[in-house]
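Peer 1: I am attaching a structure below and will ask some questions about it afterwards.
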Amino acid sequence: MAICPVRNTLIYLSDLILSGSLTDPKARRICEQILHLTEEISEGAAGKDHLLAIDSLIREYLTAADSKKNLETGKTLEEMFSGHREVFESHIQTRNCPSHDCGKLAPSPCQMACPAGIDIPTYLTLIARGEDAKAIEVIRRDNPFPWVCGLICTRPCEMMCVRSRIDTPVSIKFLKAFAAERAMSEGAYKNPKKKEWNGKKVCVIGAGPGGLTAAYYLSLLGYGVKIIEALPVSGGMIMVGIPRYRLPREVIDREVALIEDLGVEISYNTRFGRDITYEDLKNEGVDAFFIAIGAHKALDLGIKGEKIFPKVLEAIGFLKDVALGNHHAPGKQVVVIGGGNVAIDAARTALRLGAEKVSIAYRRSKNQMPADSEEVEQAMEEGIEFSFLTIPKEILGKDGTITGLDCIKAELIQKEGSDRLMPVPIPGGDFIIEADVVISAIGQYVDDTGMEAFSQMNWTRRGTIEVNHASMETAMPGVFAAGDAVSGPATVIEAIGSGKRAAEAIDRYLSHIPQPRTPKIPVRHHMEPPVEMTATRKMTLKHPTMPMLNVDRRRTTFQQVELGYDEEGVRKEAGRCLRCDICRRCGKCIEVCRDKMGIDALQFGYMDFDHPTETDFRATEKKCITCGACAANCENKAMVLEEKDGRRNLKLCGTLLNSQAIQYCEACGAFLPSAEYLDFVARKTGDKAKRAETRLLCNDCLRLLSAKTNVETRPAGLK
Amino acid sequence: MQFQKGNKIKVCRKSEDESWEPYMDDFIGIHGFITDPDTSINDPDALIEVSLEGKGTHRLPQDCLEQIN
Amino acid sequence: MSKYYLFQDTRTCIGCHACEIQCKSNKNLPRGAKPCQIIQVGPKMINGLPKMSFIFMPCYHCEDPWCVSTCPTGAMQKRSSDGIVFVDKELCVGCKTCISACPWGAPQWNPETGKVEKCDYCKDRLDAGLKPACVTLCTTGCLTFGLAEDMTQTRRVRHAEASASFENSSF
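Residue numbers (our numbering), protein chains in the order written: chain A, 1 to 719; chain B, 1 to 69; chain C, 1 to 171.
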């Protein structure tokens, strides 16, 4: 047992729930709620009302207790919370566990980086072992769209991947897509069991990633969910914003279908406030609203000619039209204005529709482009022209037809008092890009039409819905919001993360449980044993290259560009994971081996966060004597010394660092250290160690022997 | 300040922006990385996505961040 | 050698292991680690009778201990004031080299802490003016602890008494 009472209570409650001994559903529900609140206390995410809520849950439990056993459990819980009240309080106030017990399950950097908090090391391990369906199950605990995200996620996880300090980050994103595709094709991609309908109804406005995610988790929790969608399709921006060559429609449809299978009802072509009103829904018995309307309105360019020509398009509208089936080329010569992912998407889409020449005009240089570098590269490969340091001035044309875009060349200058490089026009740098279509992609904002019904809700100066981010609650009770509608244009995974957070908060709101003070820190659910492999394999596994569709086809069709790794590549790639959920890279092993033992066998340069040096797992066996001091000092048991099949093996998260032959006690056969280890001892004791006994004996046998010698050599009178 | 993806940053102060919430006070002094800067127009006023050591991933106003090496 | 001597009168010892229990509970040790141990030798037939001895095996606190010279971290030390050989737990990293180096099997492994335990004559108790834990509750009083010079005297007296007793007397 841990020293920390909070941790002990957590262990007690989870054992209680897992043991299946709580047969009364009410008792079980109360215990689950207490567990949930205690988890937040342990993570430092609890507010001041948590203990009061727990107290009242325990009272409820005791009142409802119908058996002696339940009564005892209730009493035990009561004692746990009252007996160490001050420790619980200090966890809430200081968000610190003095005994560090509550930090033991600290998530890996990749999981912490994921806005949805997916347990990445666990699912990578499952994928490495070929357990794709199980991996999908793990992902869907935090994200109902593993396939979609496997193809288009902005992957902050990979940016934080510790493996990149050795060579390149693990290709976390795509491995998800592979597992989802494989599980789907095998019919093993299934929904978890949902709870019985609890009689409550939630209305979700917008069938985008945020809305669908909230719908998924709410219906699993037993809520009736109705989604209102203005478009004729579901998916929101992932359907109408992301082009098909990056994300095939079938992928979205299959994952949305699974959410519909849970009983989620989606009303298409229904605009909130026009086709259905707040009152209509209230009358239908909706208990809570969740607004996930995204940010679908484009910003104006604010240049001359913008409002005159019909062929001045905004990227979001253009992409939406194409996604909904309009496959006519917008024109022959297309100029896209902007430097973000939407600009690239619009340009590549225009090219695929048959535009002869497509260029992108961007105010700054290539390095400052906010778009994904892979996207920019792929666009260049396809023949999109880039005109950097280009400020659009005026759209030229006559009789309603565009003839070109008048631009001015800029240079980047650091203005006084600012550390930001600003594009400043070069005098006389005017030039014209010939074009018959101009597409603007300079950002979107939230379209608030129809939202008047939520009168008590506040809007920020950025035109987004104001919420408390811990719970995604708006100022209007029972109304929650998330996704781009709250953050402004952001990423899919953020919308998913905030949708999940909102679902949890709506559940709390409707169960009268207080909301957390801070957004939940990702939590590990369990620990998968690591994949075992040799140090050489761990070091030499290389990131596979992504096979791509040939450029001719990329220029002419909407076929998927990235074709995906083959199975062997996927399993190997998943095996590159360092399991940072087990090894927290505290560096104690290195310190003990180098500074205390004076051996210095561990070359784990990647563990130094700020100044990584060279890493080579293969180097360990050169100096290591398998003394096990590193393992004895590893708090998380990431480093282990095992004795198996006559060998002493040193392993770090499953990677075999060294293996030496075990020696045996010549009297009793007990395990003794390796010859290399005994050499080390002999070198230290030097010539002093000329023992009378030449046999190799274990500790116990040595004691026995000296006791015997003691008796045998005693003077006769004392025997 | 213009942030780019992958920049190492520190939350150096409380932001004056309305989007700053009390729980964000816990972030002051913490290091992290920019995971998603403003993806369309490099707007210095936009909220940008940062992944903070031990605190998860959040969208913060840019005036509370400073780049570190 | 340390300036102390822990004398066991093997004739009086009945092998009750109370010393081991006292030692372990004083040091709060889990299963396995036995800084002192009673080792049973025999039974052997001597003059037609089965006889056995119980030998008390603590640490001998050697003059030039191999455990101290082998310890890479300086955790195993000899106290200069009285020669007690002890482990500084703060410095011990659990490499077990002392265990391999000791010819008498004195250093013991504590699997709970991942560090080495050994007999240090309960130096904290000595410093407080008390005797080592093993000695205090010895059922038969066969264990005596004191300064080495006094203990040789005890041993001599005992030996003389034994030699002069009527049963063993040669006259």
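Glycine included, every Cβ here is placed at the ideal spot set by N, Cα and C.
Could you name the residues of the same chain whose beta carbon sits closer than 7 Å to that of residue 251 of chain A, not counting the 5 residues immediately before and after it, in chain order?
Peer 2: Translated into the one-based positions of the first sequence, residue 251 of chain A becomes position 251. Cβ neighbours of residue 251 of chain A beyond the five flanking positions: 147, 148 and 151.
Peer 1: Using DSSP with H/G/I as helix, E/B as strand and the rest coil, what is residue 531 of chain A?
Peer 2: Against the first sequence, residue 531 of chain A aligns to sequence position 531. The answer is coil: DSSP assigns residue 531 of chain A none of H, G, I, E or B.
Peer 1: Checking the sheet assignment: what are the DSSP bridge partners for residue 36 of chain B?
Peer 2: For the purposes of this step, residue 36 of chain B is identified with residue 36 of the second sequence, where counting begins at 1. B:49.
Peer 1: With H, G and I counted as helix, E and B as strand and the rest as coil, what does DSSP make of residue 499 of chain A?
Peer 2: Translated into positions along the first sequence, residue 499 of chain A becomes position 499. Correct three-state label for residue 499 of chain A: helix.
Peer 1: Taking three-plus beta-carbon pairs below 8 Å as touching, is the region 237-248 of chain A in contact with the region 165-183 of chain A?
Peer 2: no
Peer 1: Taking one C-beta from the region 11-31 of chain C and one from the region 132-147 of chain A each time, how about it: are there three or more such pairs within less than 8 Å?
Peer 2: no
Peer 1: For residue 668 of chain A, is the classification buried or exposed, using 16 other Cβ atoms within 10 angstroms of its Cβ as the cut-off for buried?
Peer 2: The residue given as residue 668 of chain A occupies position 668 in the first sequence. Exposed, by the Cβ-count rule.
Peer 1: Give the residues from the region 467-491 of chain A that approach chain B closer than 8 Å (Cβ to any Cβ), ordered along the chain.
Peer 2: 468, 469, 470, 487, 488, 489, 490 and 491
Peer 1: Would residue 105 of chain C count as contacting chain A if we go by Cβ distances under 7 Å?
Peer 2: On the third sequence, residue 105 of chain C is found 105 positions in, with the first residue counted as 1. It does; some Cβ of chain A falls within 7 Å.
Peer 1: Quick check on the burial criterion: 16 or more other C-beta atoms within 10 angstroms. Buried or exposed for residue 40 of chain C?
Peer 2: Taking the third sequence and counting its residues from 1, the one referred to as residue 40 of chain C is at position 40. Label assigned to residue 40 of chain C: exposed.
Peer 1: Could you compute how far the alpha carbon of residue 700 of chain A sits from the alpha carbon of residue 105 of chain C?
Peer 2: Translated into positions along the first sequence, residue 700 of chain A becomes position 700. Translated into positions along the third sequence, residue 105 of chain C becomes position 105. For residue 700 of chain A and residue 105 of chain C, the distance between alpha carbons rounds to 6 Å.
Peer 1: With 16 as the cutoff for other CB atoms within 10 Å, does residue 155 of chain A come out buried or exposed?
Peer 2: The count along the first sequence starts at 1 and reaches residue 155 of chain A at position 155. With 16 or more other Cβ atoms within 10 Å, it is buried.
Peer 1: Can the beta-carbon of residue 660 of chain A be found less than 7 Å from the beta-carbon of residue 626 of chain A?
Peer 2: Taking the first residue of the first sequence as 1, we reach residue 660 of chain A at position 660. Taking the first residue of the first sequence as 1, we reach residue 626 of chain A at position 626. Yes, Cβ-Cβ distance for residue 660 of chain A and residue 626 of chain A is below 7 Å.
Peer 1: Determine which residues of the region 248-266 of chain A have a Cβ less than 7 Å from any Cβ of chain B, and write them out in chain order.
Peer 2: none
Peer 1: Taking only beta-carbon atoms, is residue 116 of chain A less than 7 Å away from chain B?
Peer 2: Reading the first sequence from its first residue, position 116 is the one you call residue 116 of chain A. False, the Cβ-Cβ gap to chain B never drops below 7 Å.
Peer 1: Determine the closest residue to residue 449 of chain A out of A:297, A:17 and A:612, with distance taken between C-alpha atoms.
Peer 2: For this step, residue 449 of chain A is matched to residue 449 along the first sequence. The residue with the shortest Cα to Cα distance from residue 449 of chain A is A:297.
Peer 1: Give me the residue from A:544, A:231 and A:304 with the minimum Cα distance to residue 272 of chain A.
Peer 2: Walking along the first sequence from the start, residue 272 of chain A turns up at place 272. Among A:544, A:231 and A:304, the Cα nearest to that of residue 272 of chain A belongs to A:231.
Peer 1: By the criterion of Cβ-Cβ separation under 8 Å, what are the contact partners of residue 207 of chain A in chain C?
Peer 2: Numbered from its first residue, the first sequence carries residue 207 of chain A at position 207. Those within 8 Å of residue 207 of chain A in chain C number zero; the least Cβ separation is about 55 Å.
Peer 1: What in chain C is Cβ-close to residue 592 of chain A, meaning under 7 Å?
Peer 2: Counted from its first residue, the first sequence places residue 592 of chain A at position 592. Near residue 592 of chain A (Cβ distances below 7 Å), the residues of chain C are 93.
Peer 1: Hey, would you say residue 88 of chain A sits closer than 7 Å to residue 51 of chain A, going by beta carbons?
Peer 2: For the purposes of this step, residue 88 of chain A is taken as the residue at position 88 of the first sequence. For the purposes of this step, residue 51 of chain A is taken as the residue at position 51 of the first sequence. Their beta carbons are under 7 Å apart, which means residue 88 of chain A touches residue 51 of chain A by this criterion.
Peer 1: Check distances from the C-beta atoms of the region 32-45 of chain C to those of chain A and list, in chain order, the residues that come in under 7 Å.
Peer 2: 37, 39 and 41
Peer 1: Quick one: is residue 127 of chain C buried, meaning 16 or more other Cβ sit within 10 Å of its Cβ, or exposed?
Peer 2: Start at 1 with the first residue of the third sequence, and residue 127 of chain C comes out as number 127. Around the beta-carbon of residue 127 of chain C, fewer than 16 other beta-carbon atoms lie within 10 Å, marking it exposed.
Peer 1: Does any C-beta atom of chain C lie closer than 7 Å to the C-beta of residue 685 of chain A?
Peer 2: To locate residue 685 of chain A, count along the first sequence from 1; it is residue 685. Yes - at least one Cβ of chain C is within 7 Å of the one on residue 685 of chain A.
Peer 1: Once the 5 residues before and after residue 381 of chain A are set aside, which same chain residues still bring their CB inside 7 Å of it?
Peer 2: Working through the first sequence from its first residue, we reach residue 381 of chain A at position 381. Setting aside the 5 residues that flank it on each side, residue 381 of chain A is surrounded in the same chain by 551, each with a C-beta closer than 7 Å to its C-beta; the list follows chain order.
Peer 1: What is the rounded straight-line gap between the Cα of residue 191 of chain A and the Cα of residue 262 of chain A?
Peer 2: On the first sequence, position 191 is the one that residue 191 of chain A refers to. On the first sequence, position 262 is the one that residue 262 of chain A refers to. In this structure, the straight-line span from the alpha carbon of residue 191 of chain A to that of residue 262 of chain A is close to 8 Å.
Peer 1: Report the three-state DSSP secondary structure of residue 359 of chain A (helix, strand or coil).
Peer 2: Residue mapping note: residue 359 of chain A aligns to position 359 of the first sequence, counting from 1. Three-state DSSP puts residue 359 of chain A in a strand.
Peer 1: Which residues mark the beginning and the end of the alpha helix (DSSP H) in which residue 345 of chain A is found?
Peer 2: For the purposes of this step, residue 345 of chain A is taken as the residue at position 345 of the first sequence. Following the DSSP letters along the chain, one finds residue 345 of chain A inside the alpha helix (DSSP H) bounded by residues 341-352.
Peer 1: Give me the DSSP bridge partner(s) of residue 648 of chain A.
Peer 2: Numbered from its first residue, the first sequence carries residue 648 of chain A at position 648. Paired residue(s): A:643 and A:660.
Peer 1: Compile a chain-ordered list of the residues in the region 595-627 of chain A whose CB is closer than 9 Å to at least one CB of chain C.
Peer 2: Residues passing the 9 Å Cβ filter: 595, 596, 597, 598, 599, 625 and 627.
Peer 1: Return the CA-CA distance between residue 5 of chain C and residue 145 of chain C, expressed in angstroms with no decimal places.
Peer 2: Counting from one through the third sequence, the residue named residue 5 of chain C turns up at place 5. Counting from one through the third sequence, the residue named residue 145 of chain C turns up at place 145. If you take the alpha carbons of residue 5 of chain C and residue 145 of chain C, they lie about 6 Å apart.
Peer 1: For the ligand ADP, any of its heavy atoms closer than 6 Å to the Cβ of residue 412 of chain A?
Peer 2: The ligand ADP is absent from the structure shown, which contains no ligands of any kind.
Peer 1: Under 7 Å between beta-carbons, which chain A residues line up against residue 30 of chain C? List them in chain order, please.
Peer 2: Taking the first residue of the third sequence as 1, we reach residue 30 of chain C at position 30. Those within 7 Å of residue 30 of chain C in chain A number zero; the least Cβ separation is about 14 Å.
Peer 1: Skipping 5 residues on each side, what residues in its chain have a beta carbon closer than 8 Å to that of residue 52 of chain B?
Peer 2: Taking the first residue of the second sequence as 1, we reach residue 52 of chain B at position 52. Taken in chain order, the residues that qualify are 11, 27, 30, 31, 32 and 58.
Peer 1: Just checking: is the beta-carbon of residue 703 of chain A within a distance shorter than 7 Å of some beta-carbon in chain C?
Peer 2: In the first sequence, residue 703 of chain A corresponds to position 703, counting from 1. Yes, contact with chain C.
Peer 1: Give me, in chain order, the residues of the same chain whose beta-carbon lies closer than 6 Å to that of residue 648 of chain A; leave out the 5 immediate sequence neighbours on both sides.
Peer 2: Indexing the first sequence from 1 puts residue 648 of chain A at position 648. The answer, listed in chain order, is 626, 660, 662 and 674.
Peer 1: Per DSSP, which residues does residue 144 of chain C bridge with? Please list them.
Peer 2: The count along the third sequence starts at 1 and reaches residue 144 of chain C at position 144. Paired residues: C:7.
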